[in-house]
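The opening residue of the sequence shown carries number 2 in my numbering; numbering runs sequentially from there.
Quick reminder that beta carbons are idealized off the backbone N, C-alpha and C, glycines included.
All values derive from a computational prediction rather than experimental measurement.
What follows is one structure encoded as structure tokens, with my remarks underneath.
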Amino acid sequence: MKLLVFAGSTRQNSWNRKLAKVVASLGQSAGAQVTHLELSDFDVPMYNADLESGGTPADVMRLKQIGYEHPAWIICTPEYNAGYPALLKNMLDWISSPVKADLLWRDDLRSTRGKVVGVLSASPGALGGQRAQSHLVPLLLNLQCWVAPKNYALGRAGEAFEADGQLASPVAKANIQAVIEQVLWAAERLH
Ligand SMILES: Cc1cc2nc3c(=O)[nH]c(=O)nc-3n(C[C@H](O)[C@H](O)[C@H](O)COP(=O)(O)O)c2cc1C
């Protein structure tokens, strides 16, 4: 199963990027073929339909294609003001905007429809970004994703990782593994 993993942060010491790294490694151990994306590797401007009318940026097309090729996704979202960050919204808006002149990509949901998506979050706060998840899930449903019922919010992220990037808590690790396994289980059945 092809599993796409990415975090909604480009911050150098991001907890969600650390979490995505853990997920990528656990996903590989679970037998998935993992693609671990860093959104900082993509040049994606703030969405603007006027800009888009001159042509969809090449890196947006790359993201659309990568999304399309992966039946299973796991997103690690930060929480900003009880929501998810603009970075993530902007990426998801771009990849769900149709490319009208393109026979394949005029289908706005080609890269997201039917994806099985696991949602995780990490935050220095006690709630671990759970409120960001509660906003992200309806957006994913709007993109016709199947959101995994299991989720996990990693609270007190500042104390959650060892120096080598491993999770300190076996309970946190088990919860994250459970999300990965459920996503892979469902993606195997749907695809
Ligand atoms: C504008 C702003 C709003 C924030 N709001 C919240 C919040 O509502 N809840 C929360 O747990 N953390 C909040 N934080 C703290 C973030 O969780 C923290 O900066 C975190 O490290 C961001 O994720 P990252 O480490 O993956 O980059 C906020 C941070 C910023 C910059």
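- Taking 7 Å as the cut-off, the C-beta of residue 85 does not count as close to any heavy atom of ligand 1.
- Linking residue 187 to residue 137 through their CA atoms gives a straight-line distance of about 19 Å.
- Counted as a single uninterrupted DSSP element, the stretch harbouring residue 37 is not any alpha helix (DSSP H) but the beta strand (DSSP E) occupying residues 34-38.
- Scanning 65, 189, 10 for the CA closest to the CA of residue 39 turns up 10.
- Look at which beta carbons fall closer than 5 Å to any heavy atom of ligand 1; those residues are 10, 12, 15, 16, 17, 79, 80, 81, 82, 83, 124, 126.
- Annotation: the continuous beta strand (DSSP E) that includes residue 3 extends over 3-8.
- One alpha carbon belongs to residue 172, the other to residue 65, and they sit about 34 Å apart.
- Residue 17 counts as buried, since at least 16 other C-beta atoms from the protein chains shown sit within 10 angstroms of its C-beta.
- Taken through DSSP and simplified to helix, strand or coil, residue 115 comes out as coil.
- Between the beta-carbon of residue 3 and that of residue 80 there is about 28 Å, and that puts the pair past the 8 Å contact cut.
- Residue 77 has 8, 121 as its beta-bridge partners, per DSSP.
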